[in-house]
Amino acid sequence: MQILSSIPDLRAALKTRSRIVFVPTMGNLHAGHISLMQQARDHGDTVVASIFVNRLQFGPNDDFDKYPRTFEGDCEKLSAAGVDLLFAPTETDLYPEPQEYVVEPPAIQNILDGEFRPGHFRGVATVVLKLFNIVQPHAAVFGKKDYQQLMVIRNMTRQLALPIEIIGGETVRAEDGLALSSRNGYLSEGERAEAPRLYRQLNAIRSAIKNGETDTAKLEKAAISALTAAGWKTDYVAVRQQSDLAVPKNVDAPLVVLAASRLGSTRLIDNIEI
Ligand code: PAF
Numbered sequence: 184m185q186i187l188s189s190i191p192d193l194r195a196a197l198k199t200r201s202r203i204v205f206v207p208t209m210g211n212l213h214a215g216h217i218s219l220m221q222q223a224r225d226h227g228d229t230v231v232a233s234i235f236v237n238r239l240q241f242g243p244n245d246d247f248d249k250y251p252r253t254f255e256g257d258c259e260k261l262s263a264a265g266v267d268l269l270f271a272p273t274e275t276d277l278y279p280e281p282q283e284y285v286v287e288p289p290a291i292q293n294i295l296d297g298e299f300r301p302g303h304f305r306g307v308a309t310v311v312l313k314l315f316n317i318v319q320p321h322a323a324v325f326g327k328k329d330y331q332q333l334m335v336i337r338n339m340t341r342q343l344a345l346p347i348e349i350i351g352g353e354t355v356r357a358e359d360g361l362a363l364s365s366r367n368g369y370l371s372e373g374e375r376a377e378a379p380r381l382y383r384q385l386n387a388i389r390s391a392i393k394n395g396e397t398d399t400a401k402l403e404k405a406a407i408s409a410l411t412a413a414g415w416k417t418d419y420v421a422v423r424q425q426s427d428l429a430v431p432k433n434v435d436a437p438l439v440v441l442a443a444s445r446l447g448s449t450r451l452i453d454n455i456e457i
């Protein structure tokens, strides 16, 4: 696996490559990321990953400074997964001057996670568009674990007519149901044992809707109460339409249940489609 940090070097290395599939990451890779790399391999000839902890998508009280950076271990995992090229720019490589031109997503950036992390999706869309311009992939893979992020990127790609196929990768879970996430590493032993409750609550909502419950607000409230009783501090539990993340007009449309909740100081997000 070739590892490059400068934009001109990367462009030169990719010049003769065919059908490039790109998987952007912020590093601290786990089995969820590796499954995205495998999916990328199935969709093209050249798999390019990136590792860059993007300051633009972190708020002032977010975990930018303590975000886990495990570069050497990540390189071993990517190499073992058959990734051809890793782009790992420094902040100066990617942002040699203050990034004043940005992608401002529409109203979707202010709901759900965007309500609690103002500016987050602007930072994500900006870095992803910049990475797309640098790598110029034919396709790119993003995990469904960040469901709203995937939708922002899909919409941006479509509306800006970028010639890139966006592929959604399924969430990988631990045996007890907890969605794999770099932030799980922040959990204490006790919190880690408690953490699968979030997924159980999402499943309870899915089962209730499948069994005919139509009052989604009641289900959201019940899940928040159950989490609160177990010591969680919940930002949202929301049943939404898969198509646009709007509140559903009826429960027969394809739905997704999304949640963000804090266990101690760790904010976990998860979702399941119905
Ligand atoms: O999902 C992530 O890891 C990040 O948001 C991304 C897409 C790499 C952009 O920084």
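Heads up: the sequence shown runs through residues 184 to 457, numbered per the numbering used here.
Backbone N, C-alpha and C define an ideal beta-carbon position, used for all residues, glycine too.
Note that this is a predicted model, so its numbers are computed, not measured.
Count the other C-beta atoms from every protein chain shown that fall within 10 angstroms of the C-beta of residue i, then say buried if there are 16 or more, exposed otherwise.
{"i": "Q292", "result": "buried"}
{"i": "F254", "result": "exposed"}
{"i": "L438", "result": "buried"}
{"i": "T411", "result": "exposed"}
{"i": "D398", "result": "exposed"}
{"i": "Y382", "result": "buried"}
{"i": "G215", "result": "buried"}
{"i": "S244", "result": "Sequence inspection shows Asn at residue 244; the Ser mentioned does not correspond to that position. The residue is exposed, with fewer than 16 neighbouring Cβ atoms inside 10 Å."}
{"i": "G227", "result": "buried"}
{"i": "R252", "result": "exposed"}
Just list the residues that DSSP pairs residue i with in beta bridges.
{"i": "T411", "result": "T411 pairs with nothing; no bridge assigned."}
{"i": "I350", "result": "V324"}
{"i": "E403", "result": "DSSP, once it has assigned bridges, lists no residue as partnering E403."}
{"i": "I388", "result": "DSSP lists no partner for I388."}
{"i": "T397", "result": "Note: T397 sits in no beta bridge, so no partner."}
{"i": "R366", "result": "Its beta-bridge partners do not exist; DSSP assigns none."}
{"i": "R450", "result": "R445"}
{"i": "E456", "result": "V439"}
{"i": "Q185", "result": "L268"}
{"i": "R356", "result": "A362"}
Check for me: the alpha helix (DSSP H) holding residue i runs from which residue to which?
{"i": "Y330", "result": "Y330 to Q342"}
{"i": "T309", "result": "H303 to V318"}
{"i": "E255", "result": "F254 to A263"}
{"i": "N237", "result": "From DSSP, N237 is part of no alpha helix (DSSP H); its letter is neither H nor E."}
{"i": "T273", "result": "Taken as a continuous stretch (DSSP letters only), T273 belongs to no alpha helix (DSSP H), as it is neither H nor E."}
{"i": "I217", "result": "A214 to H226"}
{"i": "E298", "result": "D296 to F299"}
{"i": "A436", "result": "From DSSP, A436 is part of no alpha helix (DSSP H); its letter is neither H nor E."}
{"i": "A421", "result": "Segment K416 to Q424 is the beta strand (DSSP E) holding A421; no alpha helix (DSSP H) there."}
{"i": "E377", "result": "E372 to E377"}
Within the continuous beta strand (DSSP E) that includes residue i, where are the two ends?
{"i": "T199", "result": "Unbroken run through T199: none, as it is neither H nor E."}
{"i": "A232", "result": "T229 to I234"}
{"i": "F205", "result": "I203 to T208"}
At a cut-off of 7 angstroms, would you count residue i as near ligand 2, judging by its Cβ distance to the nearest heavy atom?
{"i": "L187", "result": "The model depicted lacks ligand 2 and carries ligand 1 instead."}
Can you pull every residue whose C-beta falls closer than 6 angstroms to some heavy atom of ligand 1, listed in chain order? P207, T208, M209, N237, Q240, V307, V310, V311, D329 and Q332
Would you check if the region 323-337 and the region 294-313 touch, i.e. whether three or more CB-CB distances between them fall below 8 angstroms? yes
Report yes or no: do three or more beta-carbon pairs, one from the region 312-328 and one from the region 342-357, lie closer than 8 angstroms? yes
Decide yes or no for the touch test of the region 308-320 against the region 195-213: beta carbon pairs closer than 8 angstroms, at least 3 of them. yes
Touching by the beta-carbon criterion (3+ pairs, under 8 angstroms), the region 212-231 and the region 279-288: no
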